[in-house]
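Reading through the structure tokens given below for one structure.
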RNA sequence: GCCCGCGUGGUGGAAUGGUAGACACAGGGGACUUAAAAUCCCCAGGCUUCGGCCGUGCCGGUUCGAGUCCGGCCGCGGGUACCA
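Structure below.
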């Protein structure tokens, strides 16, 4: 009998699938299709165990749907543009293109041995000229339809490296390489008009029934629809052209508690005032030195600058309020100006206490709800109850005295509109999507700047506008600061597409989120001469099951939803594709301990897991140095805590790796990689292989044990099918362990055992496809198990004759009874009351209540 | 800061509002073996006066019954618009 040897059986079956074209996806008009897609990887250099988990999940779904008769599309590609390639070129020389394609080769070579049922013929990388050329064509069509425009926006500027920094490259307000304080700089940049679709992207979430509720909630909050009031506060003796400050508020019911007006440092009034006020100019400059991220803005200490100017309250012209410039007010949201009501906003209260501004409550808890309430003006915290809660308005001006915040807001808006002091408006938090990046390794924005014609779209026949590889005859040198496209000796030079005069190319490239916003559509026709092929899109779209990390819950998924709409509008997708992902599953991340030591400066130094030896919960380097272990950390290239699956496959085989990543945790939750788990998985698969070999060689006659095994088989078919369909992979695997144990113990005859073992092979096939093929062949299965129809449970074999009911007394388990499956309720009650533990508890009396949940449980209340 | 999750034995985890801890890992005991490896079998939440009692991050609530639903905390994670 042969041992389980994945190193020989895995390549054998991979070759068999390859030769048979098992996973080639071809359009077959009459067959139902199923499109499974996992978020494609960034080519970081090597695959990690997170990829294995993610793609194994997709493969389980794909193989299961194929077995259920669907024509399955399951493609793979690479999200290949982005900063790491440029960072690598800067850090260790070389060219981003060579680095990226080298990584892709490596990763494909690492993925193929995993035996995923992928149609590799459709593979592309977003940095392929063919792909980004088609993306440029999309951009031009979007431009023509007015879906793209230019405006100014701020970026993080590193004055030493002379480059724009990403938010993650700004650390404590300083550039990550240069250490120089970061400045905010305004540049003219391209934007997609995603905010035009705010309402649509919000309301369409309702129909996404097979998306996780949490993702829809996150998107809804991100889009942030709010009904509020816009109104003007008259400015007293303001500079020329500034006679009012327009504010936006979602709490107009608190207008009578206003104690100041705050404006953003980027507000036109602030910009005007700083010209004559050195101190304010310094304050604003300091605000602008902050990073551009929302997190940083919000976490920063709330600071303000009293402009000395005053405004009149719209309700009472005698009531004057000071105007502050405040660092926490965003120019991008609302009007860039607010009124502060310290009593009902903690941030405003902190601000008021800092700058000694008045605090005046507008409402207090409802009668009888006061409890230990302390007024904010008496030192209590800001009183901010949920809007649906009823409160008592002590300084109300519209509606009832006792009313909910929601009702008060409506009444306040009505009041302001009737008195012509304000206007009810709906606003969204969602901003337009800035797509310009001042970097080399991205899709060039296909426009030309002409001195006479201005900004001119490139002609489609001139696409792709390809990235230059060389500079002065040599590969571009990334050790020189600045954008290589900007400084390239010839690349920028071109003829104006409109007038033919010498002109300059746009040197900005596109955000890599653009690349990933339509790749799912390109997979349906990866070689088309246009971005999509409508016939192929019509057949394959939408993605039936999309699988990816929760970290993409908002940006990637929202951008893709926008892009699908924009592509539909420009004729690149059929109408039915505006929501491209029918079902979404967000898998958890794979975590792994971080091993770190410190350099002489106290900065962390991260070590690869393979360089660390674990002994009794502590970790040591080869030279004996102990490392600090930070458990369950997100895997990150920069932290060197990425597990390498190649070694796992080499030791145990792909099926073991696949089995383990599914078995150890529920798929939506994070999983911590452990070496012991892989060892255990391998032992189990060896055992299954051994059992299959034994059963294949047995000729034991049929026995009385045949039927119990068949019952177990049908129950396993039912439970595993359900598990696979509902992403309960770990539960399905637990069930397969139990079924394997039952098969191992069974004394059934060879015929029934073979039947059960073939079912086991089929049920395991989505997870461990190579082993399953081997078993299938040993056990006399016909053809490939990958092509075999999914087994169906026989309902009649699932029905049990008797059922065991636990008996509770006052909700606590005290015993159990076994009754016939179809016993009438009266009979069950009689049996329960006769039970020893119940008799003892009743002490001769009658139960207060007797609850019988048929087939489930009995509860006696005494 | 704000938005969204998650929290169950030594460990990973199971459990349509209905027997908490399935299935595994690590551990203990046994069989086989000259011995070891491999394999197979058994035990296993804590406490206990052996009647039971306590247990799903903490506090409270709803319910005949709560890991599950509701409210309030604590801890950890994801996102926070230029990481992908």
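Residue numbers (this note's numbering): 117 to 978.
Backbone N, C-alpha and C define an ideal beta-carbon position, used for all residues, glycine too.
These numbers were taken from a predicted model, which means no experiment stands behind them.
- Rounded to the nearest angstrom, the gap between the Cα atoms of residue 173 and residue 778 is 8 Å.
- The C-alpha of residue 797 lies about 26 Å from the C-alpha of residue 153.
- Beta-carbon to beta-carbon, residue 465 and residue 376 are separated by about 12 Å, too far to satisfy the 8 Å threshold.
- Contact between the segment 550 to 568 and the segment 613 to 628 is present, with at least three C-beta pairs closer than 8 Å.
- When C-alpha distances from residue 370 are compared across 496, 511, 805 and 126, the shortest belongs to 511.
- Closest by C-alpha distance to residue 395, out of 476, 235 and 441, is 441.
- If you draw a 10 Å sphere on the C-beta of residue 775, you find 16 or more other C-beta atoms in it, and that means buried.
- Cβ-Cβ distances below 6 Å link residue 892 to 877 and 901 in the same chain, with the five nearest sequence neighbours on each side left out; the list follows chain order.
- Counting C-beta atoms within 10 angstroms of its own C-beta, residue 215 has 16 or more neighbours from the protein chains shown and is therefore classed as buried.
- The beta carbon of residue 915 sits closer than 8 Å to the beta carbons of 937 from its chain, once the five residues preceding and following it are set aside; these are given in chain order.
- Nearest C-alpha to residue 582 among 606, 962 and 595: 606.
- Per DSSP, reduced to three states, the secondary structure at residue 658 is coil, with no helix or strand assignment.
- Judged by DSSP in its simplified three-state form, residue 429 adopts strand.
- When secondary structure is reduced to three states using DSSP, residue 374 falls in the coil class, being assigned neither helix nor strand.
- The DSSP assignment places complete alpha helix (DSSP H) segments of no fewer than 4 residues inside the segment 837 to 901 at 845 to 861, 866 to 880 and 885 to 894, in order along the chain.
- Buried is the label assigned to residue 273, since at least 16 other Cβ atoms lie within 10 Å of its Cβ.
- The residue among 812, 768 and 815 with its C-alpha nearest the C-alpha of residue 800 is 768.
- Sequence-distant Cβ neighbours of residue 169 in its own chain, meaning closer than 6 Å and more than five residues away, are 706 and 777.
- Excluding five sequence positions before and after residue 869, the CB atoms of its chain that fall closer than 6 Å to its own CB belong to 811, given in chain order.
- The residue from 545, 737 and 585 with its alpha-carbon nearest to that of residue 210 is 585.
- For residue 821 against residue 864, the beta-carbon gap comes to about 4 Å, under 8 Å, which counts as contact.
- Residue 121 and residue 885 have their C-alpha atoms roughly 14 Å apart.
- Shown here for residue 658: same chain residues with a beta carbon closer than 8 Å to its own, the five before and five after excluded, namely 151, 692, 693, 695, 696, 697 and 698 in chain order.
- In this chain, the alpha helix (DSSP H) harbouring residue 410 covers 410 to 415.
- Nearest Cα to residue 449 within the set 568, 575 and 311: 311.
- Looking at 569, 588 and 652, the one whose alpha-carbon comes closest to that of residue 614 is 569.
- By the 16-neighbour rule on beta-carbons within 10 angstroms, residue 860 is exposed.
- Taken in chain order, the whole alpha helix (DSSP H) runs of length 4 or more contained in the segment 922 to 946 number zero.
- DSSP lists no beta-bridge partner residue for residue 512.
- 492 is the residue among 492, 486, 829 and 478 whose C-alpha sits nearest the C-alpha of residue 467.
- Annotated three-state conformation of residue 208 is helix, per DSSP.
- In the structure shown, residue 549 adopts extended strand secondary structure according to DSSP, grouped into three states.
- For residue 149, the secondary structure class from DSSP, reduced to helix, strand or coil, is strand.
- Apart from the 5 residues on each side of it in sequence, residue 721 sits with its Cβ closer than 7 Å to the Cβ of 712, 713, 714 and 715 in its chain, given in chain order.
- Cβ neighbours of residue 149 within its own chain (closer than 7 Å, five residues either side excluded): 186, 187, 189, 655 and 656.
- By DSSP's assignment, residue 636 forms no beta bridge with any residue.
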